[in-house]
Amino acid sequence: MSYLDTFALTGKVALVPGGGGAIGSAIAGALAAAGASVTVVDMTEERAEAAAGAIRATGAQVLALGADVTSEADCERIVAATVDRFGRLDIIVNAVGGGAGKVLFDAQDYPRDAWDWIMELNVRSTLLATQAAVKAMIAAGNGGVVVNISSVRADLGINAGYSAYVAAKGAISSLTRQWATEWARYGIRVNAIRPTFVDTPQVAMLLDDPAFKAGIVSRIPLGRVGDTSDMTGPVVFLASDAARFITGQVLGVDGGLTATQ
Ligand SMILES: NC(=O)c1ccc[n+]([C@@H]2O[C@H](COP(=O)([O-])OP(=O)(O)OC[C@H]3O[C@@H](n4cnc5c(N)ncnc54)[C@H](O)[C@@H]3O)[C@@H](O)[C@H]2O)c1
């Protein structure tokens, strides 16, 4: 085996809830390009298949499933379908989340329904999908990898009505450390990436404002916001055996933003 092979995911099976989304579809494609078989999950099978079809066209093994990962039953179903189709499950990348730009409210008036929605979308989705995947990993006894998507907002406030989102991403970063601690005994590593703004439809409304974007970019040493392809290498690395001694870490993928704070 060559040294570079430790970065490959040949023979591994990955589950990507939110794999039909902007960042999730880029990550699903990268996991497949690195050698993994991939289950792409999104709210509808059509949305999952739109991403899966492009990956399948590269010759990779891909399964597309519609599911709501805020439902325990759906999470059990996507894990069972993955094991049924590919024979195992090694990696879960939780790419469901976001919503921040859609519910911007002053902190003192932050509405309960918006708070609950952000928590469901980000925390409950990650919690339930991971619990289902990790139960299967523990039962199989082959170890495994969890990669979550947090945000620089877990650590940095922003003067833009983000109360629920910062709390949700803080929870994701904390759960990453907690799960790493609890599941190390099963050979399961848990890490997260922590992006700054990534140029995606979710944040287009904010980034379309030139003054807002200029303010964000001026604080990023590498001088630009992220691109979905910037997220893929870090996730593939964390999922690979090259990262075998890394667990409980939240890796900044932020052009250096947090280094300046
Ligand atoms: N875009 C950014 O600037 C940015 C920055 C930092 C972190 N993030 C995080 O990256 C992750 C992905 O963001 P994105 O911009 O790709 O968002 P996105 O909306 O493009 O992707 C999320 C996907 O999840 C799916 N989804 C939503 N609820 C679901 C559910 N209950 N069950 C199954 N699928 C569901 C959506 O249909 C969508 O395809 C989120 O956690 C977000 O917070 C994004």
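Just so you know, we're using the working numbering here: the sequence shown kicks off at 477 and counts up by one. Each residue gets a CB set at the ideal place from its N, CA and C atoms; glycine is no exception.
Quick check: is any heavy atom of ligand 1 less than 7 Å from the C-beta of S627?
yes
Does DSSP classify G717 as helix, strand or coil?
In the sequence under discussion, the amino acid at residue 717 is Asp, which differs from the Gly named in the question. Helix, per DSSP.
Roughly how many angstroms separate the alpha carbons of E596 and A571, rounded to a whole number?
13 Å
Look up I634 in the DSSP assignment and say whether it is helix, strand or coil.
I634: coil per DSSP, three-state reduction.
Taking the Cβ atom as the reference point for each residue, do A524 and G495 lie within a distance shorter than 8 Å?
yes
Would you mind reading off the limits of the beta strand (DSSP E) that contains S796?
Because the chain is modelled from 477 through 737, residue 796 falls outside the range shown and cannot be assessed.
State the DSSP-derived secondary structure class of G577, mapped to helix, strand or coil.
helix
Going by C-alpha to C-alpha distance, which of S501, L480 and A508 sits closest to G487?
For the options S501, L480 and A508, the alpha carbon positioned closest to that of G487 is the one of A508.
Can you tell me the Cα-Cα spacing of L565 and V622, whole angstroms?
If I take the Cα positions, the gap works out to 11 Å.
What does the alpha-carbon distance come out to for the pair P587 and A668?
28 Å
Where does A706 land, buried or exposed, given buried means 16+ other C-beta within 10 angstroms?
A quick correction: the sequence has Asp, not Ala, at residue 706. Burial of D706 is indicated by the presence of at least 16 other C-beta atoms within 10 angstroms of its C-beta.
Considering only the beta carbon of each residue, do R700 and L733 sit closer than 8 Å?
no
Could you give the residue range of the beta strand (DSSP E) that holds S513?
S513 to D518 is the extent of the beta strand (DSSP E) around S513.
Whole angstroms is fine: what's the gap from A735's alpha carbon to L603's?
29 Å
Got a sec, what are the start and stop residues for the alpha helix (DSSP H) R523 sits in?
E521 to R532
Please determine, among E548, G511, A533 and K611, the residue with the shortest C-alpha to C-alpha distance to V559.
K611
Expressed to the nearest angstrom, what Euclidean distance is found between the alpha-carbon atoms of Y638 and R629?
Straight-line Cα distance between these residues: approximately 9 Å.
Compare the C-beta of V623 against all C-beta atoms of chain B and say whether one is closer than 8 Å.
This model lacks chain B altogether; it includes just one protein chain.
Give me the Cα-Cα distance between W655 and V545, rounded to the nearest whole angstrom.
19 Å
According to the Cβ coordinates, are P747 and V729 closer than 8 Å?
Nothing in the structure corresponds to residue 747, since the chain is present only between 477 and 737.
Please find out if some non-hydrogen atom of ligand 1 comes closer than 7 Å to the beta-carbon of T694.
The question names Thr, but residue 694 is Ser in the sequence shown. Result no, Cβ not under 7 Å from ligand 1.
By the three-class DSSP mapping on this structure, what secondary structure does P587 have?
coil
Can you name, in chain order, every residue of its own chain whose Cβ lies under 7 Å from the Cβ of V666, other than the five neighbours on each side?
Cβ within range, chain order: V622, T652, W655, A656, W659, T723 and G724.
CA-CA distance, R553 and N624?
20 Å
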